[in-house]
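To start, the structure under review is shown below, and the notes come after it.
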Amino acid sequence: MANLEDVAKRAGCSIATASRALGARGPVSDAVKARVRVAAAELGYRPGVALLSRGGRRPLVGVLIPSITNPVFAASLSQIQNRMRVGGHAVVLAQSNYDPAQEADAIEALLCERPTGLILTLCNAENGVPQASRLPPTVLLNNRPTSLFRAAVTVDNFEAGRRITQHLIDRGHRRILFVSGSFAASDRALLRYEGYRKALADIEVAPLAALQIPFVENQEQPDIFVAVMELRPTAIIASNDLLACGVIGALRREGLSVPQDVSVAGFDGIAIGQLMTPPLTTIAMPDASMGAVAASLLLDIAEKGVAPRHLQVDFALRAGGSVRSI
1 MANLEDVAKR AGCSIATASR ALGARGPVSD AVKARVRVAA AELGYRPGVA
51 LLSRGGRRPL VGVLIPSITN PVFAASLSQI QNRMRVGGHA VVLAQSNYDP
101 AQEADAIEAL LCERPTGLIL TLCNAENGVP QASRLPPTVL LNNRPTSLFR
151 AAVTVDNFEA GRRITQHLID RGHRRILFVS GSFAASDRAL LRYEGYRKAL
201 ADIEVAPLAA LQIPFVENQE QPDIFVAVME LRPTAIIASN DLLACGVIGA
251 LRREGLSVPQ DVSVAGFDGI AIGQLMTPPL TTIAMPDASM GAVAASLLLD
301 IAEKGVAPRH LQVDFALRAG GSVRSI
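Residues in the sequence shown are numbered from 1 upward in steps of one, following full-length UniProt numbering.
Laid out in structure tokens, this is it:
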């Protein structure tokens, strides 16, 4: 098995430099770092295996998600763990609870574990993070890439929002309410709302202001009664399926039927939405495969010196019985 000395010799640098390059710590130029990682990949050198053989700790990656209770993130995490297990890495998890302040603390906790790399789902990637200068190789999951985070695995949330709205428009709906968690807590929800606005603008219909509620506290029992009574929507789009299920429950508690009185649609395609009566109309997201892709991309960047890149995965509209034509 190749050792660190072999890698340093092939890369044309000292053993100390090779060690810093592979550990993402210390002053090493990007060019040297890439050369060392390519050499390690060519020789089949695995830093994690080498550490374990010397009795050291297993290498790990840090994963930040908004909430472990959302099946979307649980599905991604499961595949990240599977891929990292094959790659010889453990996974350390943190959650932000859709709170930018908690997000910064969670990332700091992950960095204390000295991870090989990070997979992050941020509240808003454009805002960056305070620890930006200290981050190891990082891949965004569900956030679009930025100048700071060039590696990302996403779906086109803007187009998903436009597509589900167009689906409702095609069935005669014009008065459509968008219900979401706080946009400050989820740039994905904001992009979906912007897609909703675009679909209505295309047919010259004024969009309704989004009804924003806390993602964590009120998602299961959202307070939408006043908005529904005042705005009289024929359809509601929720920014994710868990919230859509809560919306359906809230409507039924007020004696309204879905879809006879109000149609409801969501995003994500989680299993519970398909087990409901009627099944939920939704945009199905490839959450499990996105997690696997993000994990593979991170290992490529961290261990092989592959350049960061943006990978976009397709979504699918899944028509259910929760939307009717009017």
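By construction, the Cβ of each residue, glycine as well, lies at the ideal position given by its N, Cα and C atoms. None of these values were measured; they are calculated from a predicted model.
{"Asked": "Kindly examine the ligand MG and report whether one of its heavy atoms sits closer than 7 angstroms to the Cβ of residue 197.", "Found": "As presented, the structure is devoid of all ligands, the ligand MG included, so that no description of it is given."}
{"Asked": "Which one or two residues does DSSP pair with residue 29 in a beta bridge?", "Found": "Answer is none; residue 29 lacks a bridge partner."}
{"Asked": "What residues in its chain sit with their C-beta under 6 angstroms from that of residue 173, if we drop five residues either side in the sequence?", "Found": "234, 235"}
{"Asked": "Could you give the distance in angstroms between the alpha-carbon of residue 195 and the alpha-carbon of residue 287?", "Found": "20 angstroms"}
{"Asked": "Could you give the distance in angstroms between the alpha-carbon of residue 18 and the alpha-carbon of residue 84?", "Found": "23 angstroms"}
{"Asked": "Are the beta-carbon atoms of residue 145 and residue 60 separated by less than 8 angstroms?", "Found": "no"}
{"Asked": "Report back the beta-carbon spacing between residue 80 and residue 302 to the nearest angstrom; my notes put them in contact at under 8 angstroms.", "Found": "At roughly 14 angstroms, the Cβ-Cβ gap does not stay under 8 angstroms, so residue 80 and residue 302 are not in contact."}
{"Asked": "Measure how close the beta-carbons of residue 264 and residue 238 come, nearest whole angstrom, since I'm counting them as under 8 angstroms.", "Found": "7 angstroms"}
{"Asked": "Measure the C-alpha to C-alpha separation of residue 12 and residue 148 and round it to an integer number of angstroms.", "Found": "29 angstroms"}
{"Asked": "For residue 41, collect the residues of the same chain with a Cβ closer than 6 angstroms to its Cβ; drop the 5 residues on either side in sequence, then sort them by chain order.", "Found": "304"}
{"Asked": "Who pairs with residue 268 in a beta bridge, going by DSSP?", "Found": "284"}
{"Asked": "Over what stretch of residues does the alpha helix (DSSP H) that includes residue 67 continue unbroken?", "Found": "Neither: residue 67 is in no alpha helix (DSSP H) and is coded neither H nor E."}
{"Asked": "Give every residue of the same chain whose Cβ lies closer than 7 angstroms to the Cβ of residue 290, excluding the five residues on either side of it in the sequence, and list them in chain order.", "Found": "76, 141, 153, 313"}
{"Asked": "Specify, as a first and last residue, the run of the beta strand (DSSP E) that residue 165 falls within.", "Found": "Run containing residue 165: none in the beta strand (DSSP E); it sits in the alpha helix (DSSP H), 157–170."}
{"Asked": "For residue 53, count the other beta carbons within 10 Å of its own beta carbon; 16 or more makes it buried, fewer makes it exposed. Which is it?", "Found": "Only weak support exists for where residue 53 lies, its pLDDT of 43 falling under 50; the coordinates are left without a value."}
{"Asked": "If we ignore side chains and look at the alpha-carbon of each, how far apart do residue 62 and residue 136 end up?", "Found": "10 angstroms"}
{"Asked": "With C-beta atoms as the reference, is residue 31 less than 8 angstroms away from residue 7?", "Found": "no"}
{"Asked": "When the Cα atoms are used, what is the spatial distance from residue 204 to residue 257?", "Found": "29 angstroms"}
{"Asked": "What is the DSSP secondary structure of residue 206, counted as helix, strand or coil?", "Found": "coil"}
{"Asked": "With C-beta atoms as the reference, is residue 109 less than 8 angstroms away from residue 94?", "Found": "yes"}
{"Asked": "Among the candidates 227, 226, 268, whose CA atom is the shortest distance from the CA of residue 245?", "Found": "268"}
{"Asked": "Could you say which of 273, 250, 106 lies nearest to residue 242 if we only look at CA atoms?", "Found": "273"}
{"Asked": "Quick one: using the 10 Å Cβ neighbour count with 16 as the cut-off for buried, is residue 69 buried or exposed?", "Found": "exposed"}
{"Asked": "Over what stretch of residues does the alpha helix (DSSP H) that includes residue 318 continue unbroken?", "Found": "It is not in any alpha helix (DSSP H) - residue 318 instead sits in the beta strand (DSSP E) that spans 316–318."}
{"Asked": "Suppose the cutoff is 8 angstroms on Cβ atoms and the five residues either side in sequence are ignored; what does the same chain contact list for residue 37 look like?", "Found": "21, 22, 302, 303, 304, 305"}
{"Asked": "Does DSSP put residue 182 in a helix, in a strand, or in coil?", "Found": "coil"}
{"Asked": "Which residue comes first and which comes last in the beta strand (DSSP E) that contains residue 95?", "Found": "90–95"}
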